[in-house]
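A.B. asks: Chains as they are written, first to last, in the numbering used here: chain A, 1 to 215; chain B, 216 to 225.
Quick one: the structure is below, and I'll ask about it shortly.
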Amino acid sequence: MNVFRLAGDMTHLSSILVLLLKIHTIKSCAGISLKTQELYALVFITRYLDIFDRFTSIYNFLMKLIFLGSSLSIVWYMRRHKAVHRSYDKDQDTFRYQFIVLPCLLLALVINHKLTFKEVMWTFSLYLEAVAILPQLVLLQRTRNIDNLTGQYVFLLGAYRALYLLNWVYRYFTEPGFVRWITWIAGLVQTLLYADFFYYYILSWKNNVKLELPA
Amino acid sequence: KQDSEAKDEL
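Dropping the structure here:
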């Protein structure tokens, strides 16, 4: 494991911790898209179907458990916890699941390494992760007051993706024959989706003003 | 063999 990969994973973990901090201590999920959170839960469930029969390392195993547990608990909080649920911007979070899930499933059935259930689900999870942030970005754009934790959450998620790109570049040059087209293209698309957000996030940080995305 | 090799990442 190289430093970019580790930094990427830690950034991913921090993004989840920031979100849990907001939900658990402030008891608020204002500005957070439940649709994106449910899509992430689906991403982890479909990607880690092999959690018990493919062992790569303790690190991978524990991280998989953490990602599964945290994503499911975030969904539980937003749906079932009374105070948290009250703060959910339901009317603004209108993105339709089927526009995301169905194309990803079809694409995974057509473009994959092997036409088996686990392999198609794993490929589906990559495509789904690439676009799962869309409901969250739409919600951000509609929210006039983006609070700091929400902004940081999305920023950390984007940073995690950027670090994974660097990890692949590093691996390409250090591991002979390291080529993963499906992972790379899905990852590149995912990172590009954050470009616009990054631009306004850095601008607001530089000018020391509250983050607001143009309509 | 790409499919199995690809899964050492999260």
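We put the CB at the ideal spot given by N, CA and C, even for glycine.
Note that the coordinates shown come from a computational prediction; the quantities given were computed from them, not determined experimentally.
1) Give a yes or no on whether 8 Å exceeds the smallest Cβ distance from residue 9/A to chain B.
2) Name the residues in the stretch 61-86 of chain A whose C-beta lies less than 9 Å from a C-beta of chain B; which are they?
3) Let me check understanding here. Comparing Cα to Cα, which of 98/A, 176/A and 164/A lies closest to residue 5/A?
4) Can you grab the Cα-Cα spacing for the pair residue 195/A / residue 166/A, in whole Å?
5) At which residues does the alpha helix (DSSP H) containing residue 85/A begin and terminate?
6) Does residue 89/A have its Cβ less than 8 Å from a Cβ in chain B?
7) When you compare only the Cα positions, how much space is there between residue 219/B and residue 124/A?
8) Considering residue 33/A, what are the terminal residues of the alpha helix (DSSP H) in which it resides?
9) Rounded to a whole number of angstroms, what is the C-alpha to C-alpha distance between residue 62/A and residue 52/A?
10) Taking only the alpha-carbon atoms, compute the straight-line gap between residue 200/A and residue 24/A and give it to the nearest angstrom.
11) Between residue 156/A and chain D, is there a C-beta pair that is closer than 8 Å?
C.D. replies: Well, looking at it:
1) The residue labelled residue 9/A in the question sits at position 9 within the first sequence. Closer than 8 Å: yes.
2) 63, 64 and 67
3) Position 5 of the first sequence, counting from 1, holds the residue named residue 5/A. Minimum Cα distance to residue 5/A is reached at 164/A.
4) In the first sequence, the residue the question calls residue 195/A occupies position 195. In the first sequence, the residue the question calls residue 166/A occupies position 166. Rounded to the nearest whole angstrom, the CA to CA distance from residue 195/A to residue 166/A is 16 Å.
5) For the purposes of this step, residue 85/A is identified with residue 85 of the first sequence, where counting begins at 1. Residues 82-86.
6) For the purposes of this step, residue 89/A is taken as residue 89 along the first sequence, with counting starting at 1. So no, residue 89/A is outside the interface.
7) Locating residue 219/B in the second sequence gives position 4, where the first residue counts as 1. Locating residue 124/A in the first sequence gives position 124, where the first residue counts as 1. In this prediction, residue 219/B scores a pLDDT of 48, lower than 50, which makes its location untrustworthy; the coordinate-derived value is nonetheless stated afterwards. Cα-Cα distance, rounded: 15 Å.
8) In the first sequence, counting from the first residue as 1, residue 33/A sits at position 33. Per DSSP, residue 33/A belongs to no alpha helix (DSSP H) and is neither H nor E.
9) Reading the first sequence from its first residue, position 62 is the one you call residue 62/A. Reading the first sequence from its first residue, position 52 is the one you call residue 52/A. Rounded to whole angstroms, residue 62/A to residue 52/A spans 11 Å at the Cα level.
10) Within the first sequence, numbered from 1, the residue matching residue 200/A stands at position 200. Within the first sequence, numbered from 1, the residue matching residue 24/A stands at position 24. Their backbone Cα atoms lie some 28 Å apart in a straight line.
11) Here chain D cannot be found, since the structure's protein chains are A and B.
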